[in-house]
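Q:
Chains as they are written, first to last, in my numbering: chain A, 85 to 542; chain B, 2 to 998.
#1: Going by Cα to Cα distance, which pick from 829(B), 746(B) and 945(B) is closest to residue 845(B)?
#2: Which chain A residues sit within Cβ distance under 9 Å of residue 853(B)?
#3: Taking Cβ-Cβ distances shorter than 8 Å, what residues in chain A pair up with residue 996(B)?
#4: Mind pulling the chain A residues with CB within less than 8 Å of residue 929(B)?
#5: Residue ranges of each alpha helix (DSSP H) run of no fewer than 4 residues wholly in the stretch 162-208 of chain A, ordered along the chain?
#6: So which residues on chain A does residue 169(B) lean against when the C-beta distance must stay under 7 Å?
#7: Between which two residues does the beta strand (DSSP E) containing residue 761(B) stretch?
#8: Run the CB neighbour count on residue 336(A), radius 10 Å, all protein chains shown included, and call it buried at 16 or more, exposed below.
#9: Are the Cβ atoms of residue 404(B) and residue 340(B) separated by less than 8 Å?
#10: Enumerate in chain order the residues of its own chain whose CB-to-CB distance from residue 943(B) is below 8 Å, with the five nearest sequence positions on each side excluded.
#11: Between the C-alpha atoms of residue 666(B) and residue 64(B), what's the straight-line distance to the nearest angstrom?
#12: Any chance you could list the alpha helix (DSSP H) runs of at least 4 consecutive residues sitting entirely within the stretch 327-398 of chain A, in chain order?
#13: Can you pull the chain A neighbours of residue 975(B), defined as C-beta to C-beta under 8 Å?
#14: Could you pull the DSSP bridge partners for residue 450(B) from this structure?
#15: If we call anything under 8 Å between Cβ atoms a contact, is residue 432(A) one with residue 270(A)?
#16: How big is the Cα-Cα spacing for residue 114(A) and residue 996(B)?
#17: Sort out for me which residues DSSP pairs residue 163(B) with in a bridge.
#18: Measuring CB atoms only, is the stretch 868-880 of chain B touching the stretch 790-804 of chain B, in the sense that at least three cross pairs come out at less than 8 Å?
#19: Go through its chain and collect everything with a Cβ distance to residue 173(B)'s Cβ below 7 Å, but skip five positions before and after it.
#20: Contact criterion: CB-CB distance below 8 Å. Does residue 514(B) meet it with respect to chain A?
#21: Can you pull the chain B neighbours of residue 115(A), defined as C-beta to C-beta under 9 Å?
#22: Report the neighbours of residue 129(A) on chain B: residues whose CB is nearer than 8 Å to its CB, in chain order.
#23: Just verifying my parser: in three-state terms, what is the DSSP assignment at residue 250(A)?
#24: Hey, how far is the Cα of residue 519(B) from the Cα of residue 670(B)?
#25: Given residue 480(B), which residues of its chain have a CB within under 7 Å of its CB, disregarding the five upstream and five downstream residues?
#26: Considering only C-alpha positions, which residue in the set 199(B), 198(B), 193(B) and 167(B) is nearest to residue 228(B)?
#27: Rounded to the nearest angstrom, what separates residue 356(B) and residue 343(B) at their Cα positions?
#28: Which residues of chain B have a Cβ atom closer than 9 Å to the Cβ of residue 111(A), listed in chain order?
#29: With 8 Å as the threshold, decide whether the Cβ of residue 485(B) is near any Cβ in chain A.
#30: Does chain A have any CB closer than 8 Å to the CB of residue 73(B)?
#31: When DSSP labels each residue in this structure, what does residue 401(B) get in the three-state scheme?
#32: From the DSSP output, in three-state form, read off residue 52(B) for me.
#33: Out of 288(A), 482(A) and 209(A), state which residue places its alpha-carbon closest to the alpha-carbon of residue 466(A).
#34: Give me the DSSP bridge partner(s) of residue 337(B).
#35: Answer with yes or no whether the minimum CB distance from residue 523(B) to chain A is below 8 Å.
#36: Provide the residue(s) that pair with residue 700(B) in DSSP beta bridges, ordered along the chain.
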């Protein structure tokens, strides 16, 4: 009987059959699972290693950097970092290497591509500041620096970066700039932070007639529990009614908790900065908001914030009074040495006195004064003072804060020394610097020599 | 009568007739008809219905059969005195067709015996004489009240245990007992043409040895234990009274009252019409199930646990029949009753029976006037409740506890009965379960006819399997076996019957197999039968085939491989083959004699099977090897046979309690054991060409060389001086003391000094010194325990005997077996060792750090950071892996079998080593994270396990005795394969990932 034979064959080879079936099944399950992971949203199975501090927040948004089957393209890097590089007048822009005279240098290191020096999530490869090439990479092109600048004679090439030079943003050490800022006082007399002028700019726009609103004017739908905070806020003062924030972006339907897109309608620049910075980059990539639990920085154990605009800015008590926003909001979460040392620093003393009214407005130094500083932006022919919400621009490497932030109050020499002292940074500038950077002296010496040379020529 | 006389003059070779008594034989012959046939006349053809059998009186016939492919072949030519067609008689069934064609080769005269006649004679009244074993009157009087069953019980002698291979009885032995199997398997064999033929295997609940008992004949078969076997051994003759089988009373029940009158009782509740089974008197009873350890019996009554158990065994015949000490207690539970509480009442439904462990039970019965009448008081060791269980009727008594009572309650019991199956004498075993369920198993005496059926179950038509001489019928209901009838041998029968008893499921494929092959299990599934174990996994050669080949003088691995094909593929089973073969340079021997010498010493004599006994020198030893529990074990023993002994080698061995070999020699060796010996060897001997005196200092069993010297000198009638100083602990321990004393008293040149050290103290330096002075120029032979030898040596040196005159026995340790040389073994070891080290380095030391400077001439990390390099190394690893894996095809695909597997293996290891080296370059020793880590685990894990395998392969080639390596290797190899399994998928995805992101 045929069926008997099939039975018998199966039975005789049952062990092998089961083994092979198991293998095929396991293989199929594995393939389906892995392919599904690869095509689906959560690709965490394939993370090859830890991402750098700059990108770890958005490591699960693979497409932010990777193009499927086409690697990491230069454009994707520039999408986020292009503007900044331009703003700081990148010292090593790709087009500089396009010069045929530099072709031989490019064989040593392909400096036209970001990913030559910034390789992501490869275990053990990432060095400080997200650089993945050995620290003495400058030697490739600047091997003979001592010939041009004898002051650099004998300096090892792995000390270029860090205290002094920055590959992209070297403006604090431009020779002209150094010469111009020789012999400055450590701190200027009574320096003051510039005032914001959003209201004035705003008033110029005829579409938004600024009229102070009271509770009588509120336009919330019925049934919404209204507090009285709003009436006192800057928003009420500037004529922003309930629906100004609580309306959904398209259908004008009431939203209980508006997100950053609501704010963006008026505060476009601020929100853009926020989305580009550490606090908003996940939102910008369509991921869940950043939380303190995800952070690699030390955070307070009792803080469990999911970050949006309201994390720092009070919603209805919103006011241009920054007592809360510029210091307390930060310290609610941040718990690293530098943050914790702030309240013992001279900067805080000034801030405290300003808050108490003992000092003039703008004379205090808050967290935001340095890390979310005010910038003057020209837009539509109007000069606007805005808060730069992308703190990444004033964070690491800290030397890039010198010209834009520190020198608002301090002399260049003092600034360079202070920024170079790691301990000083950790205790939030509570002492004077124990390090001295000789850049100014070098520039001065060279200038003197040039003068001599010139006079000789004469 | 005329015919009968004729037949008598012809030696009749038909067992079926021979087995009948003379009276019957004559009667059959009287009924037979004489037939004349001409040349080429056809007597019957294949497919005819068989009605009769034939005995050739004169002339000759040829027997033909048709093979499967339609060819007619000659089976046999039969001459006067021989018979044919007896199968019709044996089966006794009319539907059975002839499976041969018989044609007369010359004009012949035949005697035709009709089946009907045969059956009529056999089933006639003149059956075997009634002689049921009677229990003595006193015992009966004591037991009758409580247990009428005991009346017909065979006397249970004892419970016996047999170890694997031990013989229960041999063909030709006198049969005075019969056996019931309590546990284990009994193997029944019969010698046919010098070879042992397996007849059947019996298992629990079956019995054997009854035929010789009934018919007062020597044993017709040999029964051996297969694995540990426990049996109940019954004494006496079984026979049955024909009166008891009359059809009229087959449904009539006999009451216990009649039993008391002394007549044997027959339980005949189960009349199975279609099987024509008549069940006769009860001849035995036992219980199922295992007896738990008696740990909870009240010990205040009797000593420790063992005492309790032993006294119970002594007291109750039922206890004696119960198997003790096994774990399974499903059938049994212990119950405790307080004084006066009722165990069961008259009229209750019976589903258990009871054994009293301690205390007393009172049996009472209600009289018609309502009063309670005491029937019996039972005490420890007695039992009650079995009658109702067997008969499936309500309880006839009420049982109450008299004082605290502890009973064991059993769910079922087994009874034995004589019976008649299709008018043939048979023995029936009945399994009584609770709820009235019963299974009847019947075996026809002297024939391979079995019938098993479940009572009260209607079954469909049977599934039938037939081949010449074999007919098997299975009755199934809802996937369970309900009964079977078999004619002819069925080695697996015991296991099949267990299926019925345990009510186990029979799967459709088992039935498919049955329809095709007549078996319910595939050959390889009979795990308990060691012969079926597959040794060569590649070719499927079993241990049985190999053993057979070895028995047929395949004495080297090469010959064995040649013959069976085993080890020809991957060669990994070669060590096992070597183990099965044993030492090829040794000579197989027959065991000639085993002679007891003293309390724990025996002499063993072996004669080489194919070669003459080699000449020996007195004092020399032989190496001897024997297959013990499937493995060859070697030892060295001094020969004690005299010079010139050409009939046998003799060794004398003391039984060491912890000695594997000596214990085996003493306790287990039998004529079927495989034993081999080397030629006599060793430099410790008495040179026979000299005449200088010889002095032997012997300690304990170390006397054997001295014995050989003594015997040799005596035999040669030499005048050479021989002095033997023989120390043993006590005088009882002197081996061959008579021979020593006899020879020394006969011959003036031989002196023996016996020293019982416990009484006389051990030998002293002065004794040695005196001996040295007495025998100048003598050579000194020392043999004994190590310390004895050392002491004597020291004494002799002190007596200034030159060291070349002192000889001590130094046995050559048993050497290794001849395993075929593993080619490239050292390269294999080196390669796997390197791979292992590299792999462990990978695991132990993390990643190689990236270059810390660009100013070095060459950055090594370019190799694992540069995309081009990564692809080069990656694909090379892939390629090497694929090449390495072709070894699997070599192993598994027939079309791929080229080249020596050893070189393939080397290639496998080589590619692995290269791939690992490249993996260093590919990854910079970074294990990776997440998915990559999995891939790394699979890859490096496979390499590490693989090196383990090849290390063991190497070890095997060096240490063939260490079979554990083989098993560890198999385990490791499976792990190696298992961890490689996901690799193809992982590698595939890994490559996709490299381009995807």
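Beta carbons: idealized from backbone N, C-alpha and C, even for Gly. Note that the structure is predicted; figures quoted are calculated from it, not measured.
A: For this structure:
#1: For the purposes of this step, residue 845(B) is identified with residue 844 of the second chain, where counting begins at 1. Comparing Cα-Cα distances from residue 845(B) to each of 829(B), 746(B) and 945(B), the minimum goes to 945(B).
#2: As a first step, residue 853(B) is located in the second chain; it is residue number 852 there, counting from the start. Within chain A, the residues near residue 853(B) are 218, 219, 220 and 242.
#3: As a first step, residue 996(B) must be located in the second chain, where it is residue number 995. Simply 153.
#4: Working through the second chain from its first residue, we reach residue 929(B) at position 928. 132, 133 and 207, listed in chain order.
#5: 178-182, 187-192 and 198-201
#6: Translated into the one-based positions of the second chain, residue 169(B) becomes position 168. Simply none; closest approach about 35 Å.
#7: In the second chain, the residue the question calls residue 761(B) occupies position 760. Looking at the DSSP string, residue 761(B) is not in any beta strand (DSSP E); the run it does join, the alpha helix (DSSP H), is 758-761.
#8: On the first chain, position 252 is the one that residue 336(A) refers to. When all chains shown are included, residue 336(A) counts as exposed.
#9: Working through the second chain from its first residue, we reach residue 404(B) at position 403. Working through the second chain from its first residue, we reach residue 340(B) at position 339. Result yes, Cβ atoms of residue 404(B) and residue 340(B) sit closer than 8 Å.
#10: The residue labelled residue 943(B) in the question sits at position 942 within the second chain. Correct list, in chain order: 977, 980, 981 and 984.
#11: Taking the first residue of the second chain as 1, we reach residue 666(B) at position 665. Taking the first residue of the second chain as 1, we reach residue 64(B) at position 63. Distance between the alpha carbons of residue 666(B) and residue 64(B) is about 48 Å.
#12: 344-348, 352-360, 365-368 and 393-396
#13: For the purposes of this step, residue 975(B) is identified with residue 974 of the second chain, where counting begins at 1. The contacting residues do not exist; residue 975(B) stays about 10 Å from chain A at best.
#14: By 1-based counting over the second chain, the position of residue 450(B) is 449. Bridge partners of residue 450(B): 488(B).
#15: Locating residue 432(A) in the first chain gives position 348, counting from the first residue. Locating residue 270(A) in the first chain gives position 186, counting from the first residue. No, these two residues do not count as a Cβ contact at 8 Å.
#16: Residue numbering aside, residue 114(A) sits at position 30 when the first chain is read from its first letter. Residue numbering aside, residue 996(B) sits at position 995 when the second chain is read from its first letter. Their backbone Cα atoms lie some 20 Å apart in a straight line.
#17: Along the second chain, one-based indexing puts residue 163(B) at 162. Beta-bridge pairing links residue 163(B) to 230(B).
#18: no
#19: As a first step, residue 173(B) must be located in the second chain, where it is residue number 172. So the list reads 219 and 220, once near-sequence residues are dropped.
#20: Along the second chain, read from residue 1 onward, the residue named residue 514(B) stands at position 513. Yes, its Cβ sits closer than 8 Å to a Cβ of chain A.
#21: For the purposes of this step, residue 115(A) is taken as the residue at position 31 of the first chain. By Cβ distance, chain B contributes 986, 989 and 990.
#22: Indexing the first chain from 1 puts residue 129(A) at position 45. Within 8 Å Cβ-Cβ: 931 and 932.
#23: Here residue 250(A) corresponds to residue number 166 of the first chain, with the count starting at 1. Coil.
#24: Position 518 of the second chain holds residue 519(B). Position 669 of the second chain holds residue 670(B). Straight-line Cα distance between these residues: approximately 36 Å.
#25: For the purposes of this step, residue 480(B) is taken as the residue at position 479 of the second chain. Excluding residues within five positions, the ones whose Cβ falls inside 7 Å are 506 and 507.
#26: The residue given as residue 228(B) occupies position 227 in the second chain. When only C-alpha atoms are compared, the closest one is 167(B).
#27: For the purposes of this step, residue 356(B) is identified with residue 355 of the second chain, where counting begins at 1. For the purposes of this step, residue 343(B) is identified with residue 342 of the second chain, where counting begins at 1. Those two C-alpha atoms are separated by around 15 Å.
#28: Mapped onto the first chain, residue 111(A) falls at position 27. Near residue 111(A) (Cβ distances below 9 Å), the residues of chain B are 982, 983, 985 and 986.
#29: Counted from its first residue, the second chain places residue 485(B) at position 484. So no, residue 485(B) is outside the interface.
#30: Here residue 73(B) refers to the residue found at position 72 when the second chain is read from its first residue. No, residue 73(B) does not count as interfacial toward chain A.
#31: Your numbering for residue 401(B) matches position 400 in the second chain. Residue 401(B) falls in the strand class under three-state DSSP.
#32: Within the second chain, residue 52(B) is the residue found at index 51, counting from 1. Residue 52(B): coil per DSSP, three-state reduction.
#33: Locating residue 466(A) in the first chain gives position 382, counting from the first residue. With distances taken between Cα atoms, residue 466(A) lies closest to 288(A).
#34: Translated into positions along the second chain, residue 337(B) becomes position 336. According to DSSP, which records beta bridges pairwise, residue 337(B) is partnered with 407(B).
#35: Along the second chain, read from residue 1 onward, the residue named residue 523(B) stands at position 522. Closer than 8 Å: yes.
#36: Within the second chain, residue 700(B) is the residue found at index 699, counting from 1. Beta-bridge pairing links residue 700(B) to 728(B).
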